[in-house]
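So the sequences go chain by chain: A and B.
According to the numbering used here, the first sequence is numbered sequentially starting from 1.
According to the numbering used here, the second sequence is numbered sequentially starting from 398.
For reference, the structure discussed in these notes is given below.
2 protein chains.
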Amino acid sequence: MSERLAAEAAALDAADGLRAKRAEFVLDDTVYLDGNSLGALPASVAGRLADVVGREWGRLRIRSWEESGWWAAPERVGDRVGALVGAAPGQVVAGDSTSVNVFKAVVGAARLAGEGRDEILVDAATFPTDGYIAASAARMTGCRIRAVDAGDLPGEAGPRTAVALVNHVDYRTGRLHDLPATTAALHAAGARVVWDLCHSAGALPVGLDAHGVDFAVGCTYKYLNGGPGAPAYLYVRRDLQARFDSPLPGWNSHADPFGMDPAYTPAEGAARGRVGTPEILSLLALDAALDVWDGVSLDAVRAKSLALTDFFLRCAEAYVPGGRARSVTPVPHAERGSQVSLSCPSGAGEAMAELARRGVVGDFRRPDVLRFGFTPLYTGFADAHRAARVLGEVLAG
Amino acid sequence: MSERLAAEAAALDAADGLRAKRAEFVLDDTVYLDGNSLGALPASVAGRLADVVGREWGRLRIRSWEESGWWAAPERVGDRVGALVGAAPGQVVAGDSTSVNVFKAVVGAARLAGEGRDEILVDAATFPTDGYIAASAARMTGCRIRAVDAGDLPGEAGPRTAVALVNHVDYRTGRLHDLPATTAALHAAGARVVWDLCHSAGALPVGLDAHGVDFAVGCTYKYLNGGPGAPAYLYVRRDLQARFDSPLPGWNSHADPFGMDPAYTPAEGAARGRVGTPEILSLLALDAALDVWDGVSLDAVRAKSLALTDFFLRCAEAYVPGGRARSVTPVPHAERGSQVSLSCPSGAGEAMAELARRGVVGDFRRPDVLRFGFTPLYTGFADAHRAARVLGEVLAG
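Structural data, given as structure tokens:
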């Protein structure tokens, strides 16, 4: 069986149209299945960052805000991210953390809500920070917060709902929520939606514009490989921008930031989502990292992602001793992100540590989840096969 | 006269105990007097950042959050900044922009205020972002905002004052406000104070602990040379930390961040000021940049700073044609930061551009201010002399 699966992996890799992309990353013999937490290093980053430090900061110094394009980088890099999540230019700005952007988006959405809408819905399985920040946004806008299962949002949204904050892909199980249908249902209820794309951007087509999403946020250090803590981003749909009333109206979002006007006049467009001075080194590392996406089709990424997780699930079924771990990731493609999560009721944490010692890196999420992220740009089918085989050995041991 | 001043500059440089520090920066023939906007590049940054990218991110990848100390970096770097502003360890956390930290601090301070205190004072000449963000904080905490001259704060604070937000050094004029007396007066009125240290940290001793300051924020890309948009910081005095109620309770500030608890329980200590995942590349560039402070006395920095600005003022008086520019920076040392601002009613913007073409970099702030920042670690008296001489030539031309 092992030989048959190994041969199948080799055949799938040989037919993989994205296979050449792997050479654009710094990788080694490790099977790195934690790109859903921190993406691998794109090879172009080191040289670009050395130039940003040595020449742009070191020699041009203050002139770089204009001459090296630092000032406009949040919008420029935002547009590059936007292209990967289905947003036309001028709607995405990069900067701050995901948490800070959740605050901007949820408060901004709540302030757009009509009379009597004072309820903020959050998906019950949300990544925790979204829930904490949404609660703060609710407290500071006179709203109350209610947690409901993401799948139940269409039925739960009502005349009091101002906005729902939803994770596109559940970080724990890898479940992909139905963005088009959920967005439409919330709109039908008169509510806005904020999508958190942390676990979908760069893994699958998102289609923000196509589906009429109101607001979206996400990080760039997972499937977008922007580096540790790379700047997050905020999407505000074009027709909402003029009414977007940010709770963090820093000077970078002013219509005339160097006018030093004591009165605040917000900028038009995506720049309204800016706050303070952007962390340029992290931002331009992200900019360089995004080069790996040149010429890549998100449809091809999605097709490979599903093929990888399908194949890994088959291999895991073949290698893992019965009962030691079971997948909690949905089987239907329409409900699956780009990770596989296995529930491993006994010794999950130790098993993941042992996997790492044997050259397979995933991660462990309490209480019992083994997470394996599949990043189609640099992960191949032989990697998936090896990971499942080693997992089987560890869990049999 | 020119020869006498040149000789004096040479003598002052020869006697300068901080002179050797200049070799720790990447500099050239330019007289760089814009370190109050973007500090020059410390030589140690490039190597450190190359290692962070190539080894910590590229090879250790996700393991670096623990093994390379990424997770604890905001507190560790915060303590290093704290040492430079008179804060004992455990009270400063690095991360986010100054604007975001102003929001945390002002909301946090307003939430500590006693019954009936619903007024937030801001200094009338504040750097604009502080005023914009304070207004948002007021709006979201049910307070009103009132702008008063920083010097008038002691008399203006009253029984309704919750908190005052004050710039330690006025960005436009270089005026240093009296932190000990203002803090004491606000406390006497039952109010809290948030100091913005952007233009004082690294330029003079601040003494946060010694003077009982409640909250402070600041950037690290000016006198601290942390790089473009380097992470800002938040100081919350130790005895206030347990009651600090952050408006941005992101998962990094949770008592058990990897517990993924749907309920928010804030961390103890400085970590409560964290929000989302820190921008590690920018943060560790700052960390490396702070190495230049090893063994440096802030008293020596302050003494040299005042000597530099004194000398520059004398040189400017000697070289600048009468009436073409006049200093708006206070003469008394106790009222002066580390910059000299000259009001130049006609052609200030063009004069500053011409200065740059002649190798002297300062900056221009509308409507008519020429700003020259003096960074004692890498600026010498001959630099000050040359800047004033070239300024005189430009304004005479």
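Note that the Cβ used here is the ideal one computed from N, Cα and C, for glycine as well.
Are the CB atoms of residue i and residue j nearer to each other than 7 Å?
i                 : j                 : result
Thr98 of chain A  : Ala232 of chain A : yes
Val206 of chain A : Leu165 of chain A : no
Arg192 of chain A : Ala109 of chain A : yes
Val122 of chain A : Ala147 of chain A : yes
Ala784 of chain B : Val566 of chain B : no
Val93 of chain A  : Ala137 of chain A : no
Leu12 of chain A  : Phe381 of chain A : yes
Val442 of chain B : Ala682 of chain B : yes
Glu676 of chain B : Glu279 of chain A : yes
Thr726 of chain B : Gly571 of chain B : yes
Phe25 of chain A  : Ala40 of chain A  : yes
Leu281 of chain A : Leu752 of chain B : no
Gly673 of chain B : Thr277 of chain A : no
Trp648 of chain B : Gly227 of chain A : no
Leu27 of chain A  : His385 of chain A : no
Val213 of chain A : Ala105 of chain A : no
Leu767 of chain B : Leu792 of chain B : no
Asp684 of chain B : Val499 of chain B : no
Trp70 of chain A  : Ser64 of chain A  : yes
Asp178 of chain A : Asp130 of chain A : no
Using DSSP with H/G/I as helix, E/B as strand and the rest coil, what is residue i?
i                 : result
Glu393 of chain A : helix
Tyr429 of chain B : strand
Pro471 of chain B : helix
Arg55 of chain A  : helix
Pro128 of chain A : helix
Leu605 of chain B : coil
Leu41 of chain A  : strand
Val360 of chain A : strand
Val26 of chain A  : strand
Arg324 of chain A : coil
Glu714 of chain B : helix
Lys619 of chain B : coil
Ala485 of chain B : coil
Gly513 of chain B : coil
Leu60 of chain A  : helix
Gly47 of chain A  : helix
Gly396 of chain B : Since the first and last residues shown for chain B are 398 and 794, residue 396 of chain B lies out of range.
Gly82 of chain A  : helix
Identify the continuous alpha helix (DSSP H) that holds residue i and give its terminal residues.
i                 : result
Gln339 of chain A : Here Gln339 of chain A belongs to no alpha helix (DSSP H); instead the beta strand (DSSP E) covers 339-343.
Val490 of chain B : Per DSSP, Val490 of chain B belongs to no alpha helix (DSSP H); it is in the beta strand (DSSP E), 489-491.
Asp410 of chain B : 399-411
Phe500 of chain B : 495-509
Arg800 of chain B : Residue 800 of chain B falls outside the range modelled here, since chain B spans only 398 to 794, and no answer is possible.
Glu66 of chain A  : 64-67
Is any heavy atom of the ligand PLP found at a distance shorter than 6 Å from the C-beta of residue i?
i                 : result
Thr617 of chain B : Questions concerning the ligand PLP fall outside what the structure shown contains, since it holds no ligand whatsoever.
For the beta strand (DSSP E) that residue i lies in, which residues bound it at each end?
i                 : result
Phe769 of chain B : 766-770
Val519 of chain B : 516-520
Val728 of chain B : Element bounds for Val728 of chain B: n/a, residue is neither H nor E.
Phe612 of chain B : 612-615
Asp363 of chain A : 363-365
For residue i and residue j, which I take to be in contact (beta-carbon distance under 8 Å), what is that distance rounded to the nearest angstrom?
i                 : j                 : result
Asp34 of chain A  : Val361 of chain A : 5 Å
Gly744 of chain B : Ala607 of chain B : About 44 Å separates the two Cβ atoms, so there is no contact after all.
Ala605 of chain B : Tyr632 of chain B : Rather than Ala, the amino acid found at residue 605 of chain B in this sequence is Leu. At roughly 6 Å, the Cβ-Cβ gap stays under 8 Å, so Leu605 of chain B and Tyr632 of chain B are in contact.
Leu415 of chain B : Leu774 of chain B : 6 Å
Arg336 of chain A : Leu306 of chain A : 7 Å
Asp658 of chain B : Pro367 of chain A : 12 Å between Cβ atoms; not a contact.
Phe374 of chain A : Leu290 of chain A : That pair is no contact at about 20 Å.
Leu435 of chain B : Tyr618 of chain B : 6 Å
Trp293 of chain A : Leu84 of chain A  : 6 Å
_To test your reading of the DSSP string, which unbroken beta strand (DSSP E) runs of 3 or more residues are found completely within the region 628-710 of chain B?_
630-633
*Mind pulling the beta strand (DSSP E) runs of 3 or more residues that sit fully within the region 538-602 of chain B?*
541-545, 558-564, 589-593
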